[in-house]
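A.B. asks: Going left to right, the sequence shown walks through residues 73 to 397 as our numbering numbers them. One structure is given below, represented as C-alpha cells, and several questions about it will come after.
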Amino acid sequence: AARLIPAPEAEIVRRIYHLTVDDQLSCGQIADLLNAEGVPPWTVSASSGRRSVARARLWRFSRIRAILVNPCYKGEHHYGPHVRLVPALVDVDTWQQAQAVLHSHLILSSRNAKRVYLLRGLVVCGVCGRNYCGCSPPGRAHAYRCQNSVHHLGCPAPQVSGRWLEAQVWAQVEDWLEHMDETVAALALRQQATGDSAALLLVEARRLEEEAEGHQADRDAVLDLYRRKRITETDLDSAFSRIASEQATLRERAAELRARAARAATAEQHVETTAHLLARCREYVQSGLSERVRGEVIRLLVRRVVLLPCERGQRPGLDVQGVWC
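Here it is as C-alpha cells:
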C-alpha cells in the first residue's frame, strides 16, 4: 500500500506549481505522482465550506488543472467583475509560467490527438462536477462523455454528440460577437453601479492620509501647552491618546479606500480587456472559419460549459460561461 504522506494544503499547492514550472510535468503526470506517494487530496464541504482531507479519493487531471488555473493562489479572488486581494501561495511570475506550461501541453496534446475536440477541458458535468472528455466510439461520430461515466464511477450523465455540443457552444460565441457592444456596455454599467471610481477613491485616500499627517501639528500644540504648564501631564496623555486614535482611524479609512480603488481599477481594466478580446475574436472569425480559428476563439472566450441535468433520452441544457463572467 502507498505510504500516506501528511502535507499541509499550502505545501501541496506549492509543490504542484514547482512540478509544473520547474519539472514541466503534465497535470496527469502530477496526479499520478501524488497518488503513487499517497498524498491525500482535499475537498470542500458543501454544508460548512470547510476543507477536509478526502482519503478515499484520488488526484485527477481536472483537480490538478483547477489548482493551476485558480488565480486565488497568486493572491487574487475573482467574483464576477470584482477582484479582492487574498494571501498568495505562489508569486505572480510562477503562476504565469504555470499557465504557459499548461498552454504548451495543450498544444502538444492537440497535435498528437486523433481528432480535434473544440471543447477539450471546458465541459463540466452538471450532475457530479467532473470534466467531460472527448471520445470517438467505433463507427460513430465523436462525442463528449463525463469522466466519472468513463471510469464507471456511477455518474448517470449522458454522453452527448460532439457535433451537436460544439454547434451549440459556437452559436453562443457568435451571439457574443454579434452583440459585443451590448456585452461591454453591460459590464461597464455593472462597474458604474458600484459607485466606485479608482481615481476618485485614490484622491479621497490621499486626503485622509494628509489629514492624518496634519494631526502632528495638534500634537506639537498640545506639547507646547504642557511645556508652558498650561495643562497637566494627565491632560497631555489624554490629548495624545485622542490624537493617535483619530490618526489610526483616518489611516484605516484611507487603507480601505486604497483597497477599493485597487478593486475598482481591476474591474475597469476588466471591461477594457473584455472589449479588446471580443474585438480581436471578431477579427479572427472574419478572417475565416477554419477549425483552428474556431478552436482558438472558443478558448479565448469560453471559461467553461456546464451540461445541466436532464431526463433520460433528452439532450441536456447548457450554461456557456464567458471568461468575463
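All C-beta atoms, glycine included, are put in the ideal place defined by N, C-alpha and C. Small disclaimer: the values here were computed from a predicted structure and weren't measured.
For the beta strand (DSSP E) holding tyrosine 151, just list the boundary residues, first then last.
C.D. replies: 148-151
A.B. asks: Residues in its own chain within less than 7 Å of leucine 249 by CB, not counting five upstream and five downstream?
C.D. replies: Leu350, Cys353, Arg354 and Val357
A.B. asks: In the structure shown, what three-state DSSP assignment does arginine 366 receive?
C.D. replies: helix
A.B. asks: Tell me the rounded alpha-carbon separation between glutamine 168 and isoleucine 315.
C.D. replies: Approximately 45 Å between the Cα atoms of the pair.
A.B. asks: In or out: tyrosine 89 buried (at least 16 other Cβ within 10 Å) or exposed?
C.D. replies: buried
A.B. asks: Would you please state the rounded distance, in angstroms, between the beta carbons of valine 256 and valine 343? I believe it to be under 8 Å.
C.D. replies: Sure, about 6 Å apart at Cβ, within 8 Å.
A.B. asks: Quick one: Cα of phenylalanine 312 to Cα of valine 294, how far?
C.D. replies: Each residue's alpha carbon lies about 8 Å from the other.
A.B. asks: Just mark arginine 192 as buried or exposed, buried being the case when its beta carbon has 16 or more other beta carbons within 10 Å.
C.D. replies: Under this definition arginine 192 is a buried residue.
A.B. asks: At what residues does the beta strand (DSSP E) containing cysteine 197 begin and finish?
C.D. replies: 195-197
A.B. asks: Between the C-alpha atoms of arginine 217 and glutamate 83, what's the straight-line distance to the nearest angstrom?
C.D. replies: Roughly 33 Å between the two C-alpha positions.
A.B. asks: Out of Asn203, His154 and Gly100, which has the shortest C-alpha to C-alpha gap to threonine 338?
C.D. replies: His154
A.B. asks: The alpha helix (DSSP H) spanning leucine 379 covers which residue range?
C.D. replies: Leucine 379 -> not in any alpha helix (DSSP H); beta strand (DSSP E) instead, spanning 374-379.
A.B. asks: Quick one: grab the DSSP three-state call for alanine 293.
C.D. replies: DSSP, read as helix, strand or coil, puts alanine 293 in helix.
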